[in-house]
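The next block holds one structure in the form of C-alpha coordinates; read it before the comments.
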Amino acid sequence: MRQSRGKVYLIGAGPGDPGLITVKAKECIQSADVVVYDYLASPVLLDYAKKEAEIIYVGKKGGDHTLTQEKINLLLVEKAREGKSVARLKGGDPFVFGRGGEEAQELLSYGISYEVIPGVTSAVAAPAYAGIPVTHRDHTSFVSFITGHERPDKKESRMQWDIFAKSDATLVFLMGVKNLSNIVTKLMEHGKPSDTPVALVRWGTTTRQQTVTGTLDTIVDAVEKARLKSPAIIVVGHVVSLRDELAWFDKKPLFGKKIVITRARAQASGLVAELNRLGAQCIEIPTIKIAPPEDKNPLEAAIDHLDRYDWLVLTSVNGVKFFFDTLFEKGKDVRALGHLKFACIGPVTKERLADYGIISDILPETYQAESVVDAFSGLDMTGKKVLLPRAKKARTILPEQLTRMGALVDEVTAYETRLADEGKDLLIDMLKDRDIDAVTFTSSSTVTNFLTLLDGQNLPALLEGVILASIGPITSDTIRAKGLAPDIEADSFTIEGLIEALLEHYENVLPGVADN
2 MRQSRGKVYL IGAGPGDPGL ITVKAKECIQ SADVVVYDYL ASPVLLDYAK KEAEIIYVGK
62 KGGDHTLTQE KINLLLVEKA REGKSVARLK GGDPFVFGRG GEEAQELLSY GISYEVIPGV
122 TSAVAAPAYA GIPVTHRDHT SFVSFITGHE RPDKKESRMQ WDIFAKSDAT LVFLMGVKNL
182 SNIVTKLMEH GKPSDTPVAL VRWGTTTRQQ TVTGTLDTIV DAVEKARLKS PAIIVVGHVV
242 SLRDELAWFD KKPLFGKKIV ITRARAQASG LVAELNRLGA QCIEIPTIKI APPEDKNPLE
302 AAIDHLDRYD WLVLTSVNGV KFFFDTLFEK GKDVRALGHL KFACIGPVTK ERLADYGIIS
362 DILPETYQAE SVVDAFSGLD MTGKKVLLPR AKKARTILPE QLTRMGALVD EVTAYETRLA
422 DEGKDLLIDM LKDRDIDAVT FTSSSTVTNF LTLLDGQNLP ALLEGVILAS IGPITSDTIR
482 AKGLAPDIEA DSFTIEGLIE ALLEHYENVL PGVADN
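Heads up: the sequence shown at position 478 corresponds to 479 in our numbering, and the numbers run straight through without jumps.
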(Lines of atoms letter the chains of each structure in order from A and count residues from 1; the text may use other names and numbers.)
(Lines give C-alpha, C1' and ligand atoms only; values in the text may rest on other atoms or scores of the structure.)
Protein backbone atom coordinates (compact mmCIF):
# COMPACT_ATOMS: atom_id res chain seq x y z
CA MET A 1 0.00 0.00 0.00
CA ARG A 2 1.37 3.42 -0.94
CA GLN A 3 2.39 5.54 2.05
CA SER A 4 0.32 8.73 2.32
CA ARG A 5 2.29 11.91 1.76
CA GLY A 6 1.66 15.09 3.61
CA LYS A 7 1.70 18.58 2.24
CA VAL A 8 3.14 21.89 3.38
CA TYR A 9 1.39 25.22 2.90
CA LEU A 10 3.76 28.19 3.00
CA ILE A 11 1.36 30.82 4.29
CA GLY A 12 1.76 34.56 4.49
CA ALA A 13 0.32 35.47 7.90
CA GLY A 14 0.20 39.17 7.08
CA PRO A 15 1.85 42.12 8.80
CA GLY A 16 0.35 41.79 12.27
CA ASP A 17 -3.30 42.79 12.13
CA PRO A 18 -5.02 39.37 12.22
CA GLY A 19 -7.85 40.81 10.14
CA LEU A 20 -5.49 41.03 7.16
CA ILE A 21 -5.16 37.25 6.83
CA THR A 22 -6.50 35.95 3.51
CA VAL A 23 -9.53 33.67 3.27
CA LYS A 24 -7.44 30.88 1.75
CA ALA A 25 -4.82 31.17 4.50
CA LYS A 26 -7.51 30.90 7.17
CA GLU A 27 -8.94 27.79 5.51
CA CYS A 28 -5.49 26.17 5.43
CA ILE A 29 -4.92 26.86 9.13
CA GLN A 30 -8.33 25.43 9.99
CA SER A 31 -7.63 22.14 8.20
CA ALA A 32 -3.95 21.71 9.16
CA ASP A 33 -2.68 18.88 11.34
CA VAL A 34 0.41 20.90 12.28
CA VAL A 35 0.86 24.68 12.53
CA VAL A 36 4.44 25.97 12.50
CA TYR A 37 4.52 29.70 13.20
CA ASP A 38 6.99 32.58 13.35
CA TYR A 39 7.65 35.43 15.76
CA LEU A 40 5.88 37.97 13.53
CA ALA A 41 2.78 35.84 12.87
CA SER A 42 -0.11 37.01 15.07
CA PRO A 43 -0.83 34.41 17.80
CA VAL A 44 -4.54 35.21 17.31
CA LEU A 45 -4.38 33.23 14.07
CA LEU A 46 -3.71 30.08 16.09
CA ASP A 47 -7.31 30.25 17.31
CA TYR A 48 -8.34 29.04 13.84
CA ALA A 49 -6.43 25.78 14.28
CA LYS A 50 -8.15 22.52 15.15
CA LYS A 51 -8.12 21.57 18.83
CA GLU A 52 -6.08 18.49 18.05
CA ALA A 53 -3.59 20.32 15.81
CA GLU A 54 0.06 20.32 16.86
CA ILE A 55 1.28 23.91 17.38
CA ILE A 56 5.02 24.55 17.02
CA TYR A 57 6.74 27.91 17.58
CA VAL A 58 9.93 28.49 15.58
CA GLY A 59 10.29 32.25 16.03
CA LYS A 60 13.51 34.09 15.30
CA LYS A 61 14.29 37.60 16.50
CA GLY A 62 17.45 39.59 17.02
CA GLY A 63 19.77 36.58 16.94
CA ASP A 64 17.58 34.59 19.35
CA HIS A 65 16.54 31.59 17.27
CA THR A 66 14.23 28.90 18.61
CA LEU A 67 15.35 26.77 15.65
CA THR A 68 17.83 27.54 12.91
CA GLN A 69 16.44 27.83 9.39
CA GLU A 70 18.00 24.48 8.50
CA LYS A 71 16.21 22.79 11.40
CA ILE A 72 12.93 24.48 10.46
CA ASN A 73 13.30 23.09 6.94
CA LEU A 74 13.86 19.59 8.29
CA LEU A 75 10.92 19.95 10.70
CA LEU A 76 8.59 20.70 7.78
CA VAL A 77 9.92 17.69 5.88
CA GLU A 78 9.55 15.43 8.91
CA LYS A 79 5.93 16.42 9.59
CA ALA A 80 4.96 16.11 5.93
CA ARG A 81 6.59 12.65 5.74
CA GLU A 82 4.29 11.64 8.59
CA GLY A 83 1.43 12.25 6.17
CA LYS A 84 0.32 15.46 7.86
CA SER A 85 -0.98 18.71 6.44
CA VAL A 86 1.37 21.44 7.63
CA ALA A 87 0.50 25.15 7.81
CA ARG A 88 3.75 27.09 7.85
CA LEU A 89 2.81 30.58 9.08
CA LYS A 90 5.28 33.29 8.15
CA GLY A 91 4.91 36.99 8.96
CA GLY A 92 4.04 39.13 5.95
CA ASP A 93 4.48 37.28 2.67
CA PRO A 94 6.56 34.08 2.52
CA PHE A 95 8.37 35.14 -0.64
CA VAL A 96 9.16 38.74 0.41
CA PHE A 97 12.26 38.40 2.59
CA GLY A 98 10.53 35.50 4.32
CA ARG A 99 12.92 32.72 3.25
CA GLY A 100 9.91 30.90 1.85
CA GLY A 101 11.85 30.18 -1.33
CA GLU A 102 14.50 28.32 0.66
CA GLU A 103 11.87 26.26 2.44
CA ALA A 104 10.19 25.43 -0.88
CA GLN A 105 13.52 24.27 -2.35
CA GLU A 106 14.14 22.04 0.66
CA LEU A 107 10.69 20.49 0.36
CA LEU A 108 11.24 19.85 -3.34
CA SER A 109 14.54 18.12 -2.67
CA TYR A 110 12.67 15.60 -0.53
CA GLY A 111 9.77 15.25 -2.95
CA ILE A 112 7.34 16.96 -0.58
CA SER A 113 4.29 18.63 -2.13
CA TYR A 114 3.72 22.27 -1.20
CA GLU A 115 1.64 25.35 -1.99
CA VAL A 116 2.35 29.04 -1.46
CA ILE A 117 -0.40 31.20 0.01
CA PRO A 118 0.68 34.83 -0.47
CA GLY A 119 0.20 37.27 2.37
CA VAL A 120 -0.02 41.04 2.84
CA THR A 121 3.56 42.22 3.17
CA SER A 122 4.52 44.73 5.84
CA ALA A 123 6.45 46.61 3.14
CA VAL A 124 3.11 47.89 1.87
CA ALA A 125 0.78 47.48 4.85
CA ALA A 126 2.86 49.20 7.56
CA PRO A 127 3.30 52.40 5.52
CA ALA A 128 -0.41 52.30 4.60
CA TYR A 129 -1.43 52.13 8.27
CA ALA A 130 0.94 55.04 8.94
CA GLY A 131 -0.71 57.11 6.22
CA ILE A 132 2.15 56.69 3.73
CA PRO A 133 1.28 55.42 0.23
CA VAL A 134 4.36 53.78 -1.24
CA THR A 135 3.42 55.13 -4.67
CA HIS A 136 1.69 58.38 -5.61
CA ARG A 137 1.42 60.03 -9.02
CA ASP A 138 2.67 63.35 -7.68
CA HIS A 139 5.72 61.80 -6.02
CA THR A 140 6.81 58.45 -7.47
CA SER A 141 5.51 55.69 -9.70
CA PHE A 142 7.70 52.89 -8.46
CA VAL A 143 8.94 51.35 -5.23
CA SER A 144 11.89 49.18 -4.20
CA PHE A 145 11.83 46.57 -1.44
CA ILE A 146 15.30 46.22 0.06
CA THR A 147 16.67 44.02 2.82
CA GLY A 148 17.86 45.95 5.83
CA HIS A 149 20.73 43.53 6.33
CA GLU A 150 22.41 41.07 4.04
CA ARG A 151 23.35 37.55 5.06
CA PRO A 152 26.53 37.75 7.14
CA ASP A 153 28.46 35.11 5.15
CA LYS A 154 28.36 37.11 1.90
CA LYS A 155 31.88 37.89 0.70
CA GLU A 156 30.73 40.95 -1.20
CA SER A 157 27.75 43.26 -0.79
CA ARG A 158 25.23 43.39 -3.61
CA MET A 159 23.62 46.59 -2.35
CA GLN A 160 23.55 49.11 -5.18
CA TRP A 161 23.70 52.25 -3.10
CA ASP A 162 24.41 54.50 -6.05
CA ILE A 163 21.23 53.37 -7.78
CA PHE A 164 19.17 53.65 -4.59
CA ALA A 165 20.47 57.16 -3.95
CA LYS A 166 19.81 58.47 -7.45
CA SER A 167 16.43 56.81 -7.84
CA ASP A 168 13.15 58.66 -7.21
CA ALA A 169 11.58 55.38 -6.11
CA THR A 170 10.21 54.92 -2.64
CA LEU A 171 12.76 52.80 -0.79
CA VAL A 172 11.38 50.34 1.76
CA PHE A 173 13.97 48.60 3.93
CA LEU A 174 12.83 45.57 5.91
CA MET A 175 14.57 44.38 9.08
CA GLY A 176 16.95 47.32 9.07
CA VAL A 177 16.55 49.12 12.40
CA LYS A 178 19.90 48.00 13.78
CA ASN A 179 21.50 49.01 10.49
CA LEU A 180 19.72 52.38 10.22
CA SER A 181 22.80 54.53 10.68
CA ASN A 182 24.66 52.66 7.93
CA ILE A 183 21.68 52.84 5.56
CA VAL A 184 21.36 56.59 6.06
CA THR A 185 25.09 57.15 5.67
CA LYS A 186 25.33 55.08 2.50
CA LEU A 187 22.40 56.87 0.86
CA MET A 188 23.80 60.33 1.60
CA GLU A 189 27.34 59.30 0.60
CA HIS A 190 25.99 58.31 -2.81
CA GLY A 191 24.10 61.54 -3.35
CA LYS A 192 20.69 61.19 -1.73
CA PRO A 193 19.69 64.68 -0.45
CA SER A 194 19.96 64.94 3.32
CA ASP A 195 16.48 66.46 3.56
CA THR A 196 14.82 63.41 1.99
CA PRO A 197 11.86 62.40 4.24
CA VAL A 198 12.19 59.15 6.20
CA ALA A 199 9.78 57.20 8.39
CA LEU A 200 10.16 54.15 10.58
CA VAL A 201 7.04 52.17 11.41
CA ARG A 202 7.27 49.70 14.28
CA TRP A 203 4.73 46.91 14.79
CA GLY A 204 2.85 48.22 11.77
CA THR A 205 -0.90 47.47 11.49
CA THR A 206 -1.16 46.50 15.17
CA THR A 207 -2.35 48.52 18.15
CA ARG A 208 1.30 48.70 19.20
CA GLN A 209 2.16 50.67 16.07
CA GLN A 210 4.69 53.45 16.54
CA THR A 211 5.78 55.83 13.79
CA VAL A 212 8.83 58.09 13.85
CA THR A 213 9.49 60.53 11.02
CA GLY A 214 12.37 62.79 10.05
CA THR A 215 14.87 63.26 7.24
CA LEU A 216 18.03 61.41 6.33
CA ASP A 217 20.11 63.77 8.45
CA THR A 218 17.77 63.71 11.50
CA ILE A 219 16.18 60.27 11.57
CA VAL A 220 18.91 58.45 13.52
CA ASP A 221 18.68 60.89 16.42
CA ALA A 222 14.87 60.83 16.26
CA VAL A 223 14.78 57.04 16.47
CA GLU A 224 17.22 57.00 19.38
CA LYS A 225 15.15 59.62 21.20
CA ALA A 226 11.97 57.60 20.65
CA ARG A 227 13.79 54.39 21.71
CA LEU A 228 12.31 52.66 18.71
CA LYS A 229 13.50 49.11 18.14
CA SER A 230 12.72 46.28 15.77
CA PRO A 231 10.50 44.98 14.31
CA ALA A 232 10.13 48.03 12.09
CA ILE A 233 10.35 49.00 8.45
CA ILE A 234 12.16 52.03 7.03
CA VAL A 235 10.53 54.14 4.32
CA VAL A 236 12.66 56.64 2.39
CA GLY A 237 11.12 59.01 -0.13
CA HIS A 238 8.91 62.03 -0.69
CA VAL A 239 5.75 59.99 -0.09
CA VAL A 240 6.60 60.13 3.63
CA SER A 241 5.59 63.81 3.59
CA LEU A 242 1.99 62.72 2.92
CA ARG A 243 1.71 61.23 6.41
CA ASP A 244 0.69 64.55 7.98
CA GLU A 245 -2.31 64.62 5.65
CA LEU A 246 -3.17 60.92 5.33
CA ALA A 247 -2.49 59.44 8.78
CA TRP A 248 -5.61 57.58 9.88
CA PHE A 249 -4.81 54.56 12.03
CA ASP A 250 -3.15 56.48 14.84
CA LYS A 251 -6.02 58.96 14.87
CA LYS A 252 -8.42 56.39 16.23
CA PRO A 253 -10.01 57.58 19.50
CA LEU A 254 -8.23 55.11 21.78
CA PHE A 255 -5.03 54.74 19.78
CA GLY A 256 -2.00 54.04 21.94
CA LYS A 257 -4.02 53.53 25.13
CA LYS A 258 -2.91 50.43 27.00
CA ILE A 259 -5.97 48.99 28.68
CA VAL A 260 -5.99 46.00 31.03
CA ILE A 261 -8.85 43.54 30.57
CA THR A 262 -9.60 41.72 33.83
CA ARG A 263 -12.55 39.74 32.55
CA ALA A 264 -12.34 35.96 32.18
CA ARG A 265 -10.54 35.19 28.92
CA ALA A 266 -13.41 33.13 27.52
CA GLN A 267 -15.72 36.15 27.81
CA ALA A 268 -13.32 38.94 26.92
CA SER A 269 -13.24 38.55 23.14
CA GLY A 270 -16.02 41.05 22.41
CA LEU A 271 -14.54 43.73 24.65
CA VAL A 272 -11.03 43.16 23.32
CA ALA A 273 -12.14 43.18 19.68
CA GLU A 274 -14.04 46.47 20.02
CA LEU A 275 -11.28 48.23 21.98
CA ASN A 276 -8.75 47.04 19.40
CA ARG A 277 -10.98 48.40 16.64
CA LEU A 278 -10.89 51.77 18.39
CA GLY A 279 -7.09 51.65 18.49
CA ALA A 280 -6.44 50.55 22.06
CA GLN A 281 -3.80 48.01 22.95
CA CYS A 282 -5.50 45.43 25.18
CA ILE A 283 -3.47 43.64 27.81
CA GLU A 284 -5.45 40.57 28.80
CA ILE A 285 -4.83 39.78 32.45
CA PRO A 286 -7.92 37.85 33.49
CA THR A 287 -8.36 37.92 37.24
CA ILE A 288 -11.16 35.38 37.29
CA LYS A 289 -11.80 31.93 35.92
CA ILE A 290 -15.35 30.75 35.35
CA ALA A 291 -15.78 27.11 36.37
CA PRO A 292 -18.54 24.63 37.18
CA PRO A 293 -19.37 24.41 40.89
CA GLU A 294 -17.43 21.92 43.00
CA ASP A 295 -20.77 20.43 44.01
CA LYS A 296 -23.13 20.11 41.02
CA ASN A 297 -25.72 18.07 42.93
CA PRO A 298 -28.05 20.98 43.84
CA LEU A 299 -28.26 22.21 40.23
CA GLU A 300 -28.69 18.67 38.90
CA ALA A 301 -31.41 17.99 41.47
CA ALA A 302 -33.24 21.16 40.46
CA ILE A 303 -33.10 20.14 36.80
CA ASP A 304 -34.36 16.67 37.69
CA HIS A 305 -37.45 18.33 39.20
CA LEU A 306 -38.12 21.24 36.86
CA ASP A 307 -41.82 20.45 36.98
CA ARG A 308 -41.86 21.92 40.51
CA TYR A 309 -40.94 25.44 39.33
CA ASP A 310 -42.96 28.29 37.87
CA TRP A 311 -40.14 30.71 37.07
CA LEU A 312 -36.52 30.49 35.97
CA VAL A 313 -34.51 33.67 36.69
CA LEU A 314 -31.16 34.08 34.92
CA THR A 315 -28.82 36.84 36.00
CA SER A 316 -25.86 36.42 33.62
CA VAL A 317 -24.67 34.72 30.45
CA ASN A 318 -22.66 32.37 32.64
CA GLY A 319 -25.83 31.34 34.44
CA VAL A 320 -27.43 30.61 31.07
CA LYS A 321 -24.43 28.63 29.82
CA PHE A 322 -23.98 26.41 32.87
CA PHE A 323 -27.71 25.85 33.35
CA PHE A 324 -28.15 24.61 29.79
CA ASP A 325 -24.88 22.65 29.84
CA THR A 326 -26.17 20.75 32.86
CA LEU A 327 -29.64 20.38 31.35
CA PHE A 328 -28.16 18.71 28.26
CA GLU A 329 -25.79 16.58 30.33
CA LYS A 330 -28.85 15.22 32.13
CA GLY A 331 -30.26 14.07 28.80
CA LYS A 332 -32.94 16.76 28.67
CA ASP A 333 -33.60 19.56 26.17
CA VAL A 334 -35.63 22.78 26.01
CA ARG A 335 -38.90 20.84 25.92
CA ALA A 336 -38.42 20.28 29.65
CA LEU A 337 -38.78 24.07 30.13
CA GLY A 338 -42.05 24.53 28.27
CA HIS A 339 -44.12 25.24 31.37
CA LEU A 340 -41.76 27.87 32.81
CA LYS A 341 -41.73 31.65 32.65
CA PHE A 342 -38.35 33.39 32.34
CA ALA A 343 -36.75 36.55 33.67
CA CYS A 344 -33.32 37.89 32.69
CA ILE A 345 -30.94 40.59 33.85
CA GLY A 346 -29.55 42.49 30.88
CA PRO A 347 -30.01 42.30 27.11
CA VAL A 348 -26.93 40.14 26.61
CA THR A 349 -28.36 37.50 28.97
CA LYS A 350 -31.66 37.76 27.09
CA GLU A 351 -29.85 37.26 23.76
CA ARG A 352 -27.96 34.26 25.10
CA LEU A 353 -31.26 32.73 26.25
CA ALA A 354 -32.73 33.43 22.82
CA ASP A 355 -29.92 31.34 21.32
CA TYR A 356 -31.75 28.37 22.83
CA GLY A 357 -35.04 29.49 21.25
CA ILE A 358 -36.51 30.98 24.43
CA ILE A 359 -37.86 34.52 24.80
CA SER A 360 -37.64 36.07 28.26
CA ASP A 361 -40.98 37.09 29.76
CA ILE A 362 -39.35 39.81 31.88
CA LEU A 363 -36.45 42.09 31.04
CA PRO A 364 -35.92 44.87 33.61
CA GLU A 365 -35.25 48.47 32.61
CA THR A 366 -31.75 48.41 34.08
CA TYR A 367 -29.28 45.62 34.62
CA GLN A 368 -29.37 45.26 38.39
CA ALA A 369 -31.16 42.87 40.71
CA GLU A 370 -33.25 45.76 42.06
CA SER A 371 -34.82 46.24 38.63
CA VAL A 372 -35.74 42.58 38.43
CA VAL A 373 -37.57 43.00 41.72
CA ASP A 374 -39.39 46.04 40.30
CA ALA A 375 -40.33 44.07 37.19
CA PHE A 376 -41.93 41.37 39.36
CA SER A 377 -43.78 43.88 41.54
CA GLY A 378 -46.87 43.89 39.33
CA LEU A 379 -47.21 40.13 39.49
CA ASP A 380 -48.70 37.93 42.17
CA MET A 381 -45.75 35.84 43.25
CA THR A 382 -47.42 34.29 46.26
CA GLY A 383 -46.53 30.63 46.38
CA LYS A 384 -44.71 30.73 43.06
CA LYS A 385 -41.60 28.59 42.96
CA VAL A 386 -38.57 30.33 41.48
CA LEU A 387 -35.36 28.62 40.37
CA LEU A 388 -32.36 30.97 40.56
CA PRO A 389 -29.17 29.37 39.13
CA ARG A 390 -26.25 31.79 39.48
CA ALA A 391 -22.75 32.36 40.84
CA LYS A 392 -21.70 30.80 44.12
CA LYS A 393 -21.03 34.25 45.58
CA ALA A 394 -23.72 36.74 44.61
CA ARG A 395 -25.69 39.60 46.11
CA THR A 396 -28.61 38.49 48.27
CA ILE A 397 -31.08 41.26 47.38
CA LEU A 398 -32.81 39.34 44.59
CA PRO A 399 -33.76 36.15 46.50
CA GLU A 400 -34.57 38.19 49.62
CA GLN A 401 -36.96 40.53 47.81
CA LEU A 402 -38.63 37.75 45.85
CA THR A 403 -39.17 35.87 49.11
CA ARG A 404 -40.79 38.99 50.65
CA MET A 405 -43.16 39.02 47.69
CA GLY A 406 -44.28 35.54 48.66
CA ALA A 407 -42.19 33.53 46.21
CA LEU A 408 -40.46 30.31 47.15
CA VAL A 409 -36.92 30.83 45.89
CA ASP A 410 -34.59 27.93 45.25
CA GLU A 411 -31.12 29.46 44.82
CA VAL A 412 -28.54 27.01 43.41
CA THR A 413 -24.92 27.43 42.39
CA ALA A 414 -24.53 27.15 38.62
CA TYR A 415 -20.90 28.28 38.43
CA GLU A 416 -18.03 29.64 40.46
CA THR A 417 -15.58 32.48 39.91
CA ARG A 418 -12.05 31.60 40.95
CA LEU A 419 -8.89 33.63 41.19
CA ALA A 420 -6.72 33.63 38.07
CA ASP A 421 -3.17 34.71 38.85
CA GLU A 422 -1.20 33.74 35.72
CA GLY A 423 -0.72 37.39 34.75
CA LYS A 424 0.28 38.67 38.18
CA ASP A 425 3.95 39.33 37.46
CA LEU A 426 3.26 41.00 34.13
CA LEU A 427 0.61 43.22 35.72
CA ILE A 428 2.89 44.38 38.53
CA ASP A 429 5.81 44.99 36.17
CA MET A 430 3.69 47.05 33.77
CA LEU A 431 2.21 49.11 36.59
CA LYS A 432 5.65 49.79 38.03
CA ASP A 433 6.87 50.85 34.59
CA ARG A 434 3.91 53.24 34.22
CA ASP A 435 2.96 51.24 31.14
CA ILE A 436 -0.81 50.99 31.74
CA ASP A 437 -3.37 53.70 31.02
CA ALA A 438 -6.57 52.08 32.26
CA VAL A 439 -7.99 48.97 33.92
CA THR A 440 -11.51 47.74 33.14
CA PHE A 441 -13.70 45.98 35.69
CA THR A 442 -16.81 44.13 34.56
CA SER A 443 -17.91 42.72 37.93
CA SER A 444 -17.19 42.95 41.62
CA SER A 445 -15.22 39.71 41.48
CA THR A 446 -12.81 41.19 38.91
CA VAL A 447 -12.16 44.06 41.34
CA THR A 448 -11.62 41.79 44.33
CA ASN A 449 -9.31 39.43 42.48
CA PHE A 450 -7.40 42.26 40.79
CA LEU A 451 -6.55 43.70 44.19
CA THR A 452 -5.69 40.23 45.49
CA LEU A 453 -3.03 40.04 42.77
CA LEU A 454 -1.62 43.34 44.05
CA ASP A 455 -1.67 42.31 47.71
CA GLY A 456 1.42 43.60 49.49
CA GLN A 457 2.03 46.36 46.94
CA ASN A 458 1.84 50.10 47.56
CA LEU A 459 -1.51 50.59 45.83
CA PRO A 460 -1.65 54.42 45.78
CA ALA A 461 1.80 54.57 44.18
CA LEU A 462 1.22 51.62 41.87
CA LEU A 463 -2.13 52.86 40.54
CA GLU A 464 -1.21 56.55 40.32
CA GLY A 465 -2.40 57.91 36.99
CA VAL A 466 -4.17 54.66 36.07
CA ILE A 467 -7.83 55.08 35.07
CA LEU A 468 -10.15 52.64 36.86
CA ALA A 469 -13.18 51.94 34.65
CA SER A 470 -16.26 50.28 36.13
CA ILE A 471 -19.17 48.68 34.29
CA GLY A 472 -21.74 49.94 36.80
CA PRO A 473 -22.61 51.10 40.33
CA ILE A 474 -22.34 47.70 42.03
CA THR A 475 -18.82 47.22 40.68
CA SER A 476 -18.02 50.84 41.58
CA ASP A 477 -19.19 50.25 45.16
CA THR A 478 -16.77 47.33 45.39
CA ILE A 479 -13.93 49.56 44.18
CA ARG A 480 -14.81 52.17 46.82
CA ALA A 481 -15.07 49.52 49.53
CA LYS A 482 -11.46 48.67 48.75
CA GLY A 483 -10.39 52.25 49.41
CA LEU A 484 -10.11 53.31 45.76
CA ALA A 485 -12.22 55.54 43.53
CA PRO A 486 -13.54 54.63 40.07
CA ASP A 487 -12.63 57.23 37.46
CA ILE A 488 -15.18 55.96 34.94
CA GLU A 489 -18.59 54.37 35.45
CA ALA A 490 -20.75 53.21 32.56
CA ASP A 491 -24.23 54.73 32.32
CA SER A 492 -25.47 51.57 30.63
CA PHE A 493 -24.25 48.62 32.67
CA THR A 494 -23.04 46.62 29.67
CA ILE A 495 -19.81 46.06 27.76
CA GLU A 496 -21.05 48.56 25.19
CA GLY A 497 -21.73 51.06 27.96
CA LEU A 498 -18.24 50.56 29.38
CA ILE A 499 -16.68 51.21 25.98
CA GLU A 500 -18.78 54.35 25.53
CA ALA A 501 -17.63 55.59 28.94
CA LEU A 502 -14.00 55.07 27.98
CA LEU A 503 -14.53 56.94 24.71
CA GLU A 504 -16.21 59.82 26.50
CA HIS A 505 -13.35 60.00 28.99
CA TYR A 506 -10.69 60.15 26.30
CA GLU A 507 -12.58 62.20 23.71
CA ASN A 508 -10.70 65.39 24.60
CA VAL A 509 -7.33 63.66 24.79
CA LEU A 510 -5.21 63.92 21.65
CA PRO A 511 -3.97 60.58 20.25
CA GLY A 512 -0.45 59.73 21.38
CA VAL A 513 1.29 59.96 18.02
CA ALA A 514 4.99 59.22 18.38
CA ASP A 515 6.21 61.42 15.53
CA ASN A 516 9.30 63.50 15.94
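We put the CB at the ideal spot given by N, CA and C, even for glycine. The structure presented is a predicted model; accordingly, all values stated were derived computationally and were not measured.
Taking a cut-off of 8 Å for Cβ pairs, the segment 30-41 and the segment 82-101 touch, as three or more such pairs fall below it.
Rounded to the nearest angstrom, the Cβ distance from Ile133 to Leu243 is 6 Å, consistent with a contact under 8 Å. In the structure shown, the three-state DSSP call for Phe256 is coil.
The segment 65-77 makes no contact with the segment 48-55: fewer than 3 CB pairs, one atom from each, lie closer than 8 Å.
Secondary structure of Val78 (DSSP, three-state): helix.
Annotated three-state conformation of Lys385 is coil, per DSSP. The continuous stretches of beta strand (DSSP E) do not include Leu109, which lies in the alpha helix (DSSP H) extending over residues Gly101 to Ser110. When Cβ pairs closer than 8 Å are counted between the two stretches, the segment 71-80 is seen to touch the segment 95-105, the count reaching three or more. Looking from the CA of Leu504, the closest CA among Asp434, Lys253, Gln402 and Glu285 belongs to Lys253. Inclusion of Arg405 and Lys290 in the CB contact set at 8 Å is not warranted, their separation being larger than that value. Ile235 has its alpha-carbon roughly 5 Å from the corresponding atom of Leu201. Taking each of Leu388, Ala415 and Tyr416 in turn and checking the Cα distance to Leu403, the smallest one comes out for Leu388. Exclusion of the five residues before and after Ala26 leaves Ile12 and Ile118 as the residues of its chain whose Cβ lies within less than 6 Å of its Cβ. Three or more beta-carbon pairs drawn from the segment 114-131 and the segment 200-217 are found closer than 8 Å, and the two stretches are therefore classed as touching.
If you draw a straight line from the Cα of Gly215 to the Cα of Ile286, it is about 36 Å long. Membership of Leu47 in any beta strand (DSSP E) is not indicated, and neither H nor E is assigned to it by DSSP. Rounded to the nearest angstrom, the gap between the Cα atoms of Thr414 and Pro474 is 24 Å. For Gly149 and Val321, the gap between their C-alpha atoms comes out near 54 Å. Only buried fits Trp312, as 16 or more other CB atoms lie within 10 angstroms of its CB. In the three-state scheme derived from DSSP, where H, G and I count as helix and E and B as strand, Val125 is classed as helix. For the pair Phe250 and Met382, the Cα-to-Cα distance works out to about 55 Å.
Within the segment 291-379, the complete beta strand (DSSP E) segments of 3 residues or longer fall at 312-315 and 342-345, listed in chain order. Taking every protein chain shown into account, the CB of Pro19 has 16 or more other CB atoms within 10 angstroms, so this residue is buried. Taking a C-beta distance under 8 Å as the contact criterion, Phe343 and Asp356 do not qualify as a contact pair. With respect to Leu307, Leu338 sits close: the two C-beta atoms are nearer than 8 Å. The distance from the Cβ of Thr443 to that of Arg264 is about 5 Å, consistent with a contact at the 8 Å cut-off. Counting along the chain, the unbroken beta strand (DSSP E) around Pro198 starts and ends at Pro198 to Arg203. The alpha-carbon separation between Val121 and Arg203 amounts to approximately 16 Å. Per DSSP, the unbroken beta strand (DSSP E) holding Tyr416 starts and ends at Leu409 to Leu420.
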